[in-house]
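Here's the structure, in structure tokens; my notes come after.
2 protein chains.
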Amino acid sequence: MARIKDVAAHAGVSVATVSRVLNDHPSVTDDTRRRVHDAMAALNYVPNAVARSLRTTATRTLGLIIGDILNPFFTELARSVEDEARREGFTVVMGNADERADEQDHYVRTLLEQRVDGLLICPTAELTPLVQQLAEAGAPLVFLDRTIDGLDVPCVRSDGSAAITELVKHLHEQGHRHIALASGPSTLSTGRERTRAFTDALSAAGLTAPPEYVRYGDFREGSGRSITAELLDLPTPPDAIFFGDNLMTLGGLEEIRARKLRIPRDVAVASFDDVTWFRHIEPPITAIAQPTAEMGRRAVQLLLRRVRHQPAPSAVLPARLVIRQSCQRKGIMR
Amino acid sequence: MARIKDVAAHAGVSVATVSRVLNDHPSVTDDTRRRVHDAMAALNYVPNAVARSLRTTATRTLGLIIGDILNPFFTELARSVEDEARREGFTVVMGNADERADEQDHYVRTLLEQRVDGLLICPTAELTPLVQQLAEAGAPLVFLDRTIDGLDVPCVRSDGSAAITELVKHLHEQGHRHIALASGPSTLSTGRERTRAFTDALSAAGLTAPPEYVRYGDFREGSGRSITAELLDLPTPPDAIFFGDNLMTLGGLEEIRARKLRIPRDVAVASFDDVTWFRHIEPPITAIAQPTAEMGRRAVQLLLRRVRHQPAPSAVLPARLVIRQSCQRKGIMR
DNA sequence: GCTGCCGATGTAATCGATTACATGATCGGG
DNA sequence: CCCGATCATGTAATCGATTACATCGGCAGC
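Structure below.
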């Protein structure tokens with residue numbers, strides 16, 4: 000593969016000049032510039048980013064570690080991160096932590112070895128020593144979707160509290176009194192936050208949440224299903240279930256379908272996270288939509304500010320309730 | 000950030016020895032090895048993959064360019080590619096071509112600059128000069144999901160012909176006689192192939208496919224919707240529509256729902272690509288499932304063979320029909 | 001016509017690893 | 001007791017770019 004030296008020889012100039020053309024430095028004659036370009040074309044020259052990065056200590060690359068690549072929420076997030084990074088001239092290297100701390104750390108290490116300019120992490124439950132050390136060393140790090148308390152790392156996330164309050168009000172208005180929660184893990188900030196907002200909203204509505212109505216899963220399909228089974232097997236099963244994310248909702252729907260129960264007549268369903276197909280299932284699912292694309296964009300901007308040593312304040316974006324038919328009780332129209 | 004030189008100094012050895020420890024070369028005393036490890040730990044040493052790659056001309060990185068990151072088919076593909084690559088000790092850098100040739104070429108260029116060891120491409124419609132040139136130069140390239148005729152590039156894809164034949168038979172058995180196709184672009188091998196298999200199967204079943212029943216979209220939601228509208232507006236609208244991928248199906252469902260038509264009573268629906276939520280919508284959608292995960296794994300293995308200069312034969316994996324209720328006409332059970 | 005400056009280009013050091021080759025110590029056999 | 005083999009380690013060249021500094025030619029100003 001052609002190197003800068005070959006281009007220089009072919010164009011009859013020095014490597015410095017070729018490099019100047021590559022980085023369009025002003026002090027190069029139009030004529031020389033053209034000759035160099037011709038040489039590059041003739042040799043199919045592709046600059047070696049590895050060599051360049053070694054010299055400049057910048058890779059124009061960002062790392063992104065997401066929680067679970069099979070979760071459409073993260074996919075959408077990844078997409079918007081990708082787009083925004085690309086707009087800024089950065090490449091994104093993505094790692095899928097699969098919600099496991101060891102996988103997360105593996106990717107952190109690999110990405111550090113690759114010398115990414117900055118790192119975007121949706122942190123897993125446990126704070127690992129590696130991440131802690133990075134945070135304390137002031138590495139260009141931004142958390143996305145989830146925070147970890149006590150670390151001075153800027154974070155972009157959405158706040159669902161208001162939407163959850165609204166949702167509980169909606170359920171109450173629709174006559175639901177036995178409302179259960181299939182939440183995400185209490186070890187994740189998102190899990191905790193949604194749980195608290197939910198129980199608070201319940202008390203505010205004059206309802207209580209008996210402990211057996213609040214259960215913790217892992218933001219994946221399986222736990223959604225098993226929690227739903229447990230809830231429906233209770234002496235007094237709930238008449239409404241709020242799921243902590245879209246995958247748990249999917250699991251819950253499986254179980255409800257398997258039991259041949261009708262939504263919302265037998266049990267109402269609502270979900271944190273809105274995904275396209277919620278509109279298409281029968282009945283369409285009431286959900287809380289996060290501003291996913293905006294979160295991705297903000298996160299990239301924040302990270303780039305960190306990379307450039309500018310102040311980078313955390314951002315919290317509100318989620319919003321999208322009412323469909325899965326909680327409707329009065330006047331069911333079908 | 001600590002360099003190999005610092006580790007060497009700290010451990011009282013030469014850089015060569017540290018490098019040997021890093022690459023676990025056998026001829027290093029256990030004692031020295033320990034001292035070096037201690038030094039690395041003390042200094043929080045992270046080897047610089049950029050420098051290493053420059054020297055070794057290998058990055059242990061693969062590039063993956065997918066058609067559309069919002070399409071769950073590609074997401075699942077990406078996931079399995081990622082997993083398999085990781086298993087082999089490679090990192091994947093992914094680019095989203097968004098079904099556009101210029102975006103695809105942008106990523107090809109970036110990935111070449113980054114000197115990925117191999118490139119996995121789901122090629123867009125047009126063969127670009129860049130890709131052609133790479134193929135002809137014998138670059139370590141593997142096509143995934145789609146081929147481009149006349150290029151000597153190994154390819155991993157699925158073959159839906161048999162499943163499509165089965166589907167048409169199923170539709171015929173269910174009494175459908177006016178079967179339309181909302182296909183993908185005829186510029187893509189997958190689009191063409193599915194179209195041909197479909198029309199062939201139709202003739203085999205003794206049915207004809209009038210030209211107005213065969214329409215081409217772009218594998219995205221919008222075209223699925225508009226084609227469905229066109230089909231339903233025909234003087235003799237079809238009583239069954241087969242969509243070329245899951246996103247076009249999504250668009251079709253939108254339109255059918257908007258017109259308040261019932262599936263399958265008013266119009267039957269089947270989809271190429273199976274996605275989780277097809278099971279959950281009402282009625283569950285009959286679909287042709289591709290062995291997505293297997294395709295990803297095979298593609299990585301094939302690419303690695305190319306990287307290692309071993310023979311790399313193309314692979315074609317059969318897709319299979321999953322019958323649900325969206326085409327059922329006789330004895331609808333609900 | 002000379003001086004000094006500026007703009008275009010070249011020379012060579014450098015980034016952080018790997019690795020061929022050199023070196024020096026140790027040890028066994030004759 | 002000496003020689004050569006073997007093993008652990010060190011020295012220095014190298015990968016392909018960037019860039020500080022040097023150089024050179026030309027032109028404006030006096």
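As they're listed, the protein sequences go chains A and B.
0 is the number of the first residue of the first sequence in numbering that gives the first Met the number 0; add one for each residue after it.
0 is the number of the first residue of the second sequence in numbering that gives the first Met the number 0; add one for each residue after it.
A virtual CB, placed ideally from N, CA and C, is assigned to each residue, including glycine.
Being a predicted model, the structure only gives us computed values, none of them experimental.
Relative to D272(A), the option among N95(A), H105(A) and L166(A) whose CA is nearest is L166(A). 8 Å or more divides the Cβ of E135(B) from the Cβ of F218(B). Ranked by how close their Cα comes to the Cα of R195(A), the residues G174(A), T164(A) and G216(A) have T164(A) in first place.
Taking a Cβ-Cβ threshold of 7 Å, the residues of chain A close to E281(B) are I280 and E281, in chain order. The beta carbon of V17(A) lies closer than 6 Å to those of I3, V6, A7 and V35 in the same chain, with the five residues before and after it left out.
Within chain B, the residues placing a beta-carbon under 8 Å from that of L53(A) are N47, V49, A50 and L53, ordered along the chain. Contact note: R114(B) reaches chain A through N47, A48 and V49, using a C-beta cutoff of 8 Å and chain order. Within the stretch 68-95 of chain B, those residues whose Cβ lies closer than 9 Å to any Cβ of chain A are, in chain order, I68, L69, P71, T74, E75, A77, R78, E81, D82, R85, T90, V91, V92, M93, G94 and N95. When CB distances to chain A are screened at a threshold of 8 Å, not a single residue of the stretch 0-29 of chain B falls below it.
One Cα belongs to A84(A), the other to Y106(B), and the distance between them is close to 13 Å.
Any Cβ of chain B closer than 8 Å to the Cβ of L320(A) would place that residue at the interface, and such an atom is absent.
Cβ atoms of R319(A) and I284(A) stay farther apart than 8 Å, at about 15 Å. Look at L166(A) here: in three-state DSSP terms it is helix. In this structure the stretch 256-272 of chain B does not touch the stretch 296-306 of chain B; the number of beta carbon pairs closer than 8 Å is below three.
Under the three-state reduction of DSSP output, R193(A) falls in the helix class. Chain-order list of chain B residues neighbouring T58(A): V49 and Q113, by C-beta distance under 9 Å. The Cβ atoms of F73(B) and G66(B) sit closer than 8 Å to each other. By alpha-carbon distance to D148(B), the top candidate from D101(B), T198(B) and E192(B) is E192(B).
A direct Cα-to-Cα measurement between V92(A) and S52(B) gives close to 17 Å.
Between D244(A) and V266(A), the C-beta gap is not smaller than 8 Å, which leaves the two residues out of contact. The three-state secondary structure of T90(B), taken from DSSP, is strand. Around L42(A), the same chain offers A1, D5, V6 and H9 as residues with beta carbons nearer than 7 Å, after the five sequence neighbours per side are excluded. Secondary structure remark: continuous alpha helix (DSSP H) runs of at least 4 residues inside the stretch 254-330 of chain A, in chain order: 291-306. Counting along the chain, the unbroken alpha helix (DSSP H) around Y106(A) starts and ends at A100 to E112. In this structure, F277(B) sits away from F241(B), with a CB-CB distance that is not shorter than 8 Å. Around the beta-carbon of R176(A), fewer than 16 other beta-carbon atoms lie within 10 Å, marking it exposed.
The beta carbon of A292(A) sits closer than 6 Å to the beta carbons of S79 from its chain, once the five residues preceding and following it are set aside; these are given in chain order. Under the 10 Å beta carbon count, A40(B) is surrounded by fewer than 16 other beta carbons and is classified as exposed.
Excluding the 5 residues flanking it on each side, R214(B) has same chain C-beta neighbours closer than 8 Å at A179, L180, A181, S182, I226, E229 and L230, in chain order. Pairing P122(A) with R145(A), the inter-Cα distance amounts to about 6 Å. For S52(B), the enclosing alpha helix (DSSP H) stretches over residues A48 to T55.
Chain A has a Cβ within less than 8 Å of the Cβ of T275(B). Beta-bridge annotation (DSSP): F241(B) is paired with L180(B) and A269(B). Using a 10 angstroms sphere on the CB of Q113(A), the tally of other CB atoms reaches 16 or more, which defines it as buried. Around the beta-carbon of S202(B), fewer than 16 other beta-carbon atoms lie within 10 Å, marking it exposed. For S13(B), no alpha helix (DSSP H) segment is defined, and its DSSP state is neither H nor E.
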